[in-house]
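**Q**
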Amino acid sequence: KIEELLYKLKSELTIIIVTHNMLQAARVSDYTAVMMPNEKMVGTLIEYGPTKEVFTNPRDKRTEAYISGKVG
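For the sequence shown, position 42 (counting from the first letter as 1) is numbered 42 according to our numbering, and the numbering increases by one without interruption.
(1) Kindly indicate the opening and closing residues of the beta strand (DSSP E) around Leu45.
(2) Taking 8 Å as the threshold, find out whether the region 38–51 comes into contact with the region 1–10 through three or more Cβ pairs.
(3) Beta-carbon within less than 6 Å of Val71's beta-carbon, same chain only, minus the 5 sequence neighbours each way: which residues are those?
(4) Beta-carbon within less than 8 Å of Asp60's beta-carbon, same chain only, minus the 5 sequence neighbours each way: which residues are those?
(5) Using CA atoms only, rank isn't needed, just tell me which of Leu5, Ile17, Ala25 and Thr44 is closest to Glu53.
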């Protein structure tokens, strides 16, 4: 039900979702940002783009590892 509400609202609002659920992120988002901790454990943006592109052809090997479940 929450995902249905997000679909209704996204034409009028910008919605930011923070999740570890990759399947949900792929279903509900138009764009995806992937962040990883750096050496100081501060979140660093490693990839951003259209969700379909990020999930099917990630540019960063860390994104690929996270999406495929190899890390995280």
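Just so it is clear, CB atoms sit at the ideal spot from N, CA and C, and this is done for glycine as well. None of the values given here were measured: they were computed from a predicted structure.
**A** Inspection of the coordinates gives the following:
(1) Sequence index remark: in the sequence shown, residue 45 carries index 45 (1-based). Gly43 to Pro50 is the span of the beta strand (DSSP E), which, as asked, contains Leu45.
(2) No, they do not touch.
(3) Taking the sequence shown and counting its residues from 1, one reaches residue 71 at position 71. Only Ala65 meet the Cβ criterion.
(4) Residue numbering aside, residue 60 sits at position 60 when the sequence shown is read from its first letter. Taken in chain order, the residues that qualify are Val34, Ile46 and Glu47.
(5) For the purposes of this step, residue 53 is taken as residue 53 along the sequence shown, with counting starting at 1. Here the closest residue by C-alpha is Ala25.
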